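Note sheet for the following structure.
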Amino acid sequence: MMPVNKDAWMALKDFLDSQKVELIAVSKTKPVADILALYELGQRDFGENYVQELRDKQSQLPQDIRWHFIGHLQSNKVKFILPFVYMIHGVDSYKLLKEINKQAAKLQRQINCLLQVHIAQEETKFGFSRAELDEAIVNLTGEQLPFVHIRGLMGMASLTNDEAVIRKELSGLKNIFDEYKARYFTQFDNLSMGMSSDYKIAVEEGSSMVRIGSLLFGSRV
Ligand SMILES: *Cc1c(COP(=O)(O)O)cnc(C)c1O
129 MMPVNKDAWM
139 ALKDFLDSQK
149 VELIAVSKTK
159 PVADILALYE
169 LGQRDFGENY
179 VQELRDKQSQ
189 LPQDIRWHFI
199 GHLQSNKVKF
209 ILPFVYMIHG
219 VDSYKLLKEI
229 NKQAAKLQRQ
239 INCLLQVHIA
249 QEETKFGFSR
259 AELDEAIVNL
269 TGEQLPFVHI
279 RGLMGMASLT
289 NDEAVIRKEL
299 SGLKNIFDEY
309 KARYFTQFDN
319 LSMGMSSDYK
329 IAVEEGSSMV
339 RIGSLLFGSR
349 V
């Protein structure tokens, strides 16, 4: 198995610090030993995609890790991660927001959420379309969800080598972020975009948080 790339972490961290961008280390499918190796260097924010895997790891690892759920979350699984999750990046329906609010109320815990916007060409990716987002905003302004703290937006560019396409999608997401922040959500302070293959473009286009897996932990099989 490929070891964690500590040099890559240090170089990436220096670059991101200089740009005031946060690093989420995406550890899905990787063992707890790999997470600990980065924890020891000072990394505290980790991202996971699967509920059961996240629960298993969380119970074995230091309690000051901030866990970011970045996968597709089903409503019926919300309750399993809410006691400890720091931020949910992939919120893609109003129904899910309501379920998060309901379960969070039981814990009296406010949950940081990002709304996922569908910006890629692939149909397979999740997220609100622009029209669905506008509709969700109408619901949100009509009904209070006091245990949901909407901190910003998240998105994933198309899987392509065409930089121009990636840049256009990511800058489009930044525009939506700016517009929503100005119109509805003055509290917006997080724009989660950029992965191993496109984080440099994402930072240039105004990302505040990148989610990086394979660059740090090696490729996933
Ligand atoms: C897996 C994953 C990442 C990290 O991808 P890498 O290409 O390994 O950096 C980032 N964001 C999401 C939503 C993911 O599922």
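In the numbering used here, the protein residues as written are 129 to 349.
Where a beta carbon is used, it is the ideal one built from N, C-alpha and C, also for glycine.
Values in this document were obtained by computation on a predicted structure and should not be read as measured data.
With DSSP as the reference, please indicate the residues paired to E150 in a beta bridge. M337
Are the region 180-199 and the region 138-146 touching, with three or more C-beta to C-beta distances below 8 Å? no
Which residues does DSSP list as the beta-bridge partners of M284? The partner list for M284 (beta bridge, DSSP) is empty, contrary to what the question assumes.
From G346, V213 and I304, pick the residue whose C-alpha is nearest to that of E333; which is it? I304
C-alpha distance - K205 paired with F254, whole-angstrom precision: Using only the alpha carbons, I get a separation of about 17 Å.
Backbone secondary structure at Q231 - three-state DSSP: helix
Looking at P190 and Y167, is the spacing between their C-beta atoms short of 8 Å? yes
Less than 7 Å between C-beta atoms, sequence neighbours within five positions excluded: which residues of the same chain meet that for V293? S286
Express the C-alpha separation of K223 and I216 in angstroms, rounding to a whole number. 14 Å
For I265, which residues in the same chain have their Cβ closer than 8 Å to its Cβ, ignoring the five residues on either side in sequence? Y308 and Y312
Tell me which residues share the same chain as I340 and place their Cβ nearer than 8 Å to its Cβ, disregarding the 5 neighbours each side in the sequence. L140, L151, I152, A153, V154, G322, M323, S324 and Y327
Cβ separation of G218 and I198, assumed to be a contact under 8 Å, to the nearest whole Å: 6 Å
Look at V179 and A232 and say whether their C-beta atoms are less than 8 Å apart. No.
Pick from G300, R348 and C241: whose alpha carbon is nearest that of I329? Of the listed residues, the one whose Cα sits closest to I329 is G300.
Within this structure, are the beta carbons of N177 and K156 separated by less than 8 Å? N177 is a Cβ neighbour of K156, given a cutoff of 8 Å.
Contact set for Q171: own chain, Cβ-Cβ below 6 Å, skip 5 residues either direction: Cβ within range, chain order: A153.
Across which residues does DSSP place F197 in a beta bridge pair? DSSP links F197 through a beta bridge to E176 and I216.
Less than 7 Å between the CB of L163 and some heavy atom of ligand 1, yes or no? With the sequence shown as reference, residue 163 is identified as Ile, and Leu is not the correct amino acid for it. Checking every heavy atom of ligand 1 against the Cβ of I163, none is found closer than 7 Å.
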